[in-house]
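If you read the sequence shown in the working numbering, its first letter stands for residue 39, the second for the next number, and so on. Where a beta carbon is used, it is the ideal one built from N, C-alpha and C, also for glycine. To keep things clear, I will list the structure first and then write my remarks on it.
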Amino acid sequence: MTSRRTGVRLLFPTDLASFLELIRQHGDAAYSLMFAWATSHSLLLTLFAGYAAHSGALSFGTLVMVCWFGSFAGDVIRFWIGRRFGTRWLGSFPRLERAVRIAARLADRHYVWMILFHRYPHGIRGVAGIAYGISQLPWSTFLALNFAAAGLWSCAIVSVGYAFGQVSEKVMNDASSGLGFAMLFAFLGVSWIVSRKLERAVEQT
């Protein structure tokens, strides 16, 4: 009876400790999910994955590599789309077109810094690759800078999530407590707000 209840608890985790245990038991699926989400530079999920790595649910080194190559691959695909199709398909998506044009304008003037930092502002990171493809940036330059930038992003975001796990562990003794959930959601919420502020700052440049 006890094992059956435990199995149900892991299938439908109701606390942080159970959720982390579920990730630990399905590591391959978790890494595949992280690769897919990293193609869009998913900030909050990557931060949480870093937190999960601190708990031992994921391997820190493997997670960094998965997010690195996922982020790199995502922008390579978007660059190809921009290079192949240009802007003619953006007419039906005015908000997307506006974001792409902002990123393209920045890329024309500051492509090195743009590639290094576009993953952090909320509204730019998903469309910047398309903007680079529309620009005059050569494939070789883009691939080299994008590979380095993806590695920096992966190391930075996973490390921040990992560091939060260390800090929160000192504050609370029970990772499954309500305090654990509250601290984690507050941390992710603040990260999202900072990302949106970066987006507004970029739009004003």
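By DSSP, does H92 sit in helix, in strand, or in coil? helix
Rounded to the nearest angstrom, what separates F94 and L144 at their Cα positions? Here residue 94 is Gly; the residue named in the question, Phe, does not match the sequence. Between G94 and L144, the C-alpha separation is close to 40 Å.
Counting only runs of 4+ residues fully inside the stretch 94-170, write out the alpha helix (DSSP H) ranges in chain order. 98-123, 132-155
Quick one: measure Cβ to Cβ for V102 and L134, integer angstroms, because I've assumed they're closer than 8 Å. That belief does not hold up - the Cβ atoms of V102 and L134 are roughly 30 Å apart, past 8 Å.
Which first and last residues belong to the alpha helix (DSSP H) in which L71 is found? 65-76
Use the C-beta contact count for R122: other C-beta atoms within 10 angstroms, 16 or more gives buried, fewer gives exposed. exposed
With 16 other CB atoms within 10 Å as the buried threshold, where does C105 fall? buried
Mind the definition here: the stretch 70-77 touches the stretch 141-160 only if three or more C-beta pairs lie below 8 Å; say whether that holds. no
On the criterion of 16 or more Cβ atoms from any shown chain inside 10 Å, does D66 qualify as buried, or is it exposed? exposed
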